[in-house]
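The next block holds one structure in the form of structure tokens; read it before the comments.
There are 2 protein chains.
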Amino acid sequence: MSLPHAILTALLEKPSSGLELTRRFDRSIGYFWSATHQQIYRELGKLEADGHIRALPTEQPARGQKKSYEVLPAGRAELARWTAASQDPRPHRDTLLLRLRASAVVGTEGIEADLRRHLELHRRQLAEYEEIEKRDFPPGRDTCEDKLRHLVLRAGIELETFWTRWLTDALEEFGELPDSGPA
Amino acid sequence: MSLPHAILTALLEKPSSGLELTRRFDRSIGYFWSATHQQIYRELGKLEADGHIRALPTEQPARGQKKSYEVLPAGRAELARWTAASQDPRPHRDTLLLRLRASAVVGTEGIEADLRRHLELHRRQLAEYEEIEKRDFPPGRDTCEDKLRHLVLRAGIELETFWTRWLTDALEEFGELPDSGPA
DNA sequence: CTCCTTTGTGCAACTAGTTGCACAAACGCG
DNA sequence: CGCGTTTGTGCAACTAGTTGCACAAAGGAG
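Each protein sequence line maps, in turn, to chains L and A.
Heads up: take any position in the first sequence, counting from 1, add 9, and you land on my numbering.
Heads up: take any position in the second sequence, counting from 1, add 9, and you land on my numbering.
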């Protein structure tokens with residue numbers, strides 16, 4: 010229910026083609042609302058049909074030709090409505106926690122290596138976020154938009170920090186465990 | 010792809026009927042893998058068809074009659090296989106962060122109230138987790154299973170702690186913002 | 001100039017999750 | 001006893017998200 014709104018936000022920040030959107034989803038909005046190019050194209054079609062966005066006029070529109078979209082007033086209004094509306098947090102789902110819990114009954118054999126791998130992934134993600142922070146949010150520059158976006162980035166940083174720390178703790182505890190748990 | 014494994018885990022911890030599972034999902038496993046009773050019943054059917062679980066024999070089985078399931082060896086093996094297999098973290102999706110980012114372009118009107126509401130929800134969840142910790146994990150009792158389950162619970166506690174703090178910070182920044190941002 | 005890779009767009013089929021409803025038995029109450 | 005509420009089970013339809021593939025144009029390499 011939120012992909013169209015993610016796209017509207019991205020397009021308001023800068024009108025783009027499907028592929029450009031896909032790229033930007035990989036680097037920024039996608040950090041908390043990921044989407045594949047297939048989803049994005051499909052959704053662009055719907056948004057256009059609904060009159061929320063329109064294709065920027067080009068010379069010869071054709072398949073395999075860049076097509077940029079911009080947000081129409083109706084789209085902006087819809088985004089504003091959605092942003093302001095009260096919404097319940099969606100339930101989280103975390104496979105790793107589930108597996109850890111499962112390993113309490115079927116044994117921890119094999120999971121440790123994957124914990125290490127996840128730790129490495131989270132470390133890398135954290136480094137990437139910190140890079141972005143250094144680049145996009147230097148000490149000065151405190152416009153209202155910057156403050157909001159920085160807030161979002163900080164959430165990402167702190168979440169990755171949490172996972173990094175938690176996984177480190179978990180691995181430490183694994184060291185103290187008898188070899189493969191129960192089962 | 011993980012609901013069947015969540016159910017297997019829960020059933021290994023204790024054989025249960027569909028409704029009992031639903032209740033336990035609401036209080037424990039569901040904290041990181043939520044499911045409705047409809048999903049659970051459907052999945053129980055599939056798991057039984059696959060020979061992973063079986064219904065415990067009862068006197069007169071009938072609709073509207075409690076039916077308990079237990080895990081068969083094949084089910085346990087499947088769970089062990091899945092737990093040990095390497096898996097990539099699934100992308101997170103967070104509506105609130107998305108809305109905050111959107112509010113940087115369409116204005117913050119209306120979102121503050123919902124931030125407060127979320128803060129309250131996370132505080133409550135945190136309190137619930139801490140209650141569980143006090144009840145189920147008193148200082149002694151360090152069996153291997155307990156350690157693993159405690160680790161999972163601590164992840165929940167720390168995540169809620171993070172959200173509580175982050176939302177508090179965010180609301181503070183909102184106080185300093187000019188009235189409704191851009192737009 | 002032809003073939004191969006990259007860029008960009010898109011459809012179709014599938015899987016997972018949600019919502020809405022239905023139905024039966026058991027329980028409590030006037 | 002008859003009637004509404006709670007408990008327990010379940011189907012069907014829908015929505016969202018994923019996976020797999022296809023096709024066109026453009027650019028570079030032999």
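Glycine included, every Cβ here is placed at the ideal spot set by N, Cα and C.
Just so we're clear, the structure is a prediction, and the values are computed from it rather than from any experiment.
Exercise for the section: Step through the CB atoms of chain L and report whether any lies within less than 9 Å of the CB of Asp-145 of chain A. Expected result: Walking along the second sequence from the start, residue 145 of chain A turns up at place 136. So no, Asp-145 of chain A is outside the interface.
Practice task
Tell me where the alpha helix (DSSP H) around Ser-112 of chain L begins and ends.
Solution key: Residue mapping note: residue 112 of chain L aligns to position 103 of the first sequence, counting from 1. Counting along the chain, the alpha helix (DSSP H) containing Ser-112 of chain L begins and ends at 104 to 115.
Handout entry: Beta-carbon proximity check, Gln-96 of chain L vs Arg-108 of chain A, cutoff 9 Å
Key = Looking up residue 96 of chain L in the first sequence gives position 87. Looking up residue 108 of chain A in the second sequence gives position 99. Yes, they are a contact pair.
Problem - Limits of the unbroken alpha helix (DSSP H) element including Arg-150 of chain L - result: The count along the first sequence starts at 1 and reaches residue 150 of chain L at position 141. Per DSSP, Arg-150 of chain L belongs to no alpha helix (DSSP H) and is neither H nor E.
Handout entry: For Ile-141 of chain A, the nearest candidate out of A:Glu-129, A:Ser-25 and A:Arg-158 (CA to CA)
Key = Position 132 of the second sequence, counted from the first residue, corresponds to residue 141 of chain A. Comparing Cα positions, the closest option is A:Arg-158.
Problem - Length of the line joining the Cα atoms of Glu-22 of chain L and Ala-164 of chain L - result: Here residue 22 of chain L is taken as the residue at index 13 of the first sequence, counted from 1. Here residue 164 of chain L is taken as the residue at index 155 of the first sequence, counted from 1. Taking the straight line from one Cα to the other gives about 20 Å.
Practice task
Work out the CA separation of Glu-79 of chain L and Tyr-40 of chain A for me, nearest whole Å.
Solution key: As a position in the second sequence, residue 40 of chain A is number 31, starting the count at 1. As a position in the first sequence, residue 79 of chain L is number 70, starting the count at 1. Approximately 40 Å, taken between the alpha carbons.
Handout entry: Beta-carbon separation (whole angstroms), Leu-135 of chain L vs Thr-173 of chain L, contact threshold 8 Å
Key = The residue you call residue 135 of chain L lines up with position 126 of the first sequence. The residue you call residue 173 of chain L lines up with position 164 of the first sequence. About 6 Å separates the beta carbon of Leu-135 of chain L from that of Thr-173 of chain L, a gap short enough to meet the 8 Å contact definition.
Exercise for the section: With DSSP as the reference, label Ala-64 of chain L as helix, strand or coil. Expected result: Looking up residue 64 of chain L in the first sequence gives position 55. Under the three-state reduction of DSSP output, Ala-64 of chain L falls in the strand class.
Handout entry: At least three beta-carbon pairs within less than 8 Å, the region 101 to 118 of chain A to the region 143 to 161 of chain L
Key = At 8 Å Cβ cutoff, the stretches touch.
Practice task
Please state whether DSSP places Glu-79 of chain A in a helix, a strand or coil.
Solution key: Along the second sequence, read from residue 1 onward, the residue named residue 79 of chain A stands at position 70. In the three-state DSSP reduction, Glu-79 of chain A falls in the strand class (E or B).
Exercise for the section: Could you please give the first and the last residue of the uninterrupted alpha helix (DSSP H) stretch that includes Glu-57 of chain A? Expected result: Translated into the one-based positions of the second sequence, residue 57 of chain A becomes position 48. Judged by DSSP secondary structure, Glu-57 of chain A falls within the alpha helix (DSSP H) whose first and last residues are 46 to 58.
Exercise for the section: Would you decide whether Asp-145 of chain A is buried or exposed? Buried here means 16 or more other CB atoms lie within 10 Å of its CB. Expected result: Start at 1 with the first residue of the second sequence, and residue 145 of chain A comes out as number 136. Residue burial annotation: Asp-145 of chain A is exposed, with fewer than 16 other C-beta atoms found within 10 angstroms of its C-beta.
Problem - Gln-47 of chain L at chain A interface by Cβ criterion, 9 Å - result: For the purposes of this step, residue 47 of chain L is taken as the residue at position 38 of the first sequence. Under the 9 Å criterion on CB atoms, Gln-47 of chain L is classed as non-interfacial with respect to chain A.
Exercise for the section: Assign Ala-113 of chain A to buried or exposed, taking buried as 16 or more other Cβ atoms, counted over all protein chains shown, within 10 Å of its Cβ. Expected result: Your numbering for residue 113 of chain A matches position 104 in the second sequence. By the neighbour-count rule (16 or more Cβ atoms within 10 Å), Ala-113 of chain A is buried.
Practice task
Within its chain, find whatever has a CB closer than 6 Å to the CB of Thr-31 of chain A; leave out the 5 residues flanking it on each side and keep chain order.
Solution key: Position 22 of the second sequence, counted from the first residue, corresponds to residue 31 of chain A. Counting only Cβ-Cβ distances below 6 Å, and skipping sequence neighbours, we find His-46 and Ile-49.
Practice task
Buried or exposed for Pro-13 of chain A, please, with buried defined as at least 16 other CB atoms from any protein chain shown within 10 angstroms of its CB.
Solution key: Taking the second sequence and counting its residues from 1, one reaches residue 13 of chain A at position 4. Per the 10 Å Cβ criterion, buried.
Exercise for the section: Check the DSSP bridge columns for Trp-42 of chain L and list the partner residues they point to. Expected result: On the first sequence, residue 42 of chain L is found 33 positions in, with the first residue counted as 1. According to the DSSP secondary-structure assignment, Trp-42 of chain L is paired through a beta bridge with A:Arg-102.
Problem - Test: Leu-56 of chain L CB closer than 9 Å to a CB of chain A - result: Taking the first residue of the first sequence as 1, we reach residue 56 of chain L at position 47. No, because no Cβ of chain A sits closer than 9 Å to the Cβ of Leu-56 of chain L.
Handout entry: Spatial distance of Arg-76 of chain A from Phe-34 of chain A (CA atoms)
Key = If you number the second sequence from 1, residue 76 of chain A lands on position 67. If you number the second sequence from 1, residue 34 of chain A lands on position 25. Looking at the sequence provided, one finds Lys at residue 76 of chain A rather than Arg. Whole-angstrom Cα-Cα distance: 17 Å.
Exercise for the section: Could you please give the first and the last residue of the uninterrupted alpha helix (DSSP H) stretch that includes Gly-119 of chain L? Expected result: Locating residue 119 of chain L in the first sequence gives position 110, where the first residue counts as 1. Where Gly-119 of chain L is concerned, there is no enclosing alpha helix (DSSP H), given that its DSSP letter is neither H nor E.
Problem - Under 9 Å between C-beta atoms of Arg-132 of chain A and Glu-169 of chain A - result: The residue given as residue 132 of chain A occupies position 123 in the second sequence. The residue given as residue 169 of chain A occupies position 160 in the second sequence. Their beta carbons are under 9 Å apart, which means Arg-132 of chain A touches Glu-169 of chain A by this criterion.
Problem - Among L:Ala-19, L:Ser-26, L:Gly-27 and L:Glu-185, nearest to Ile-38 of chain L - alpha-carbon criterion - result: Working through the first sequence from its first residue, we reach residue 38 of chain L at position 29. Nearest C-alpha to Ile-38 of chain L: L:Ala-19.
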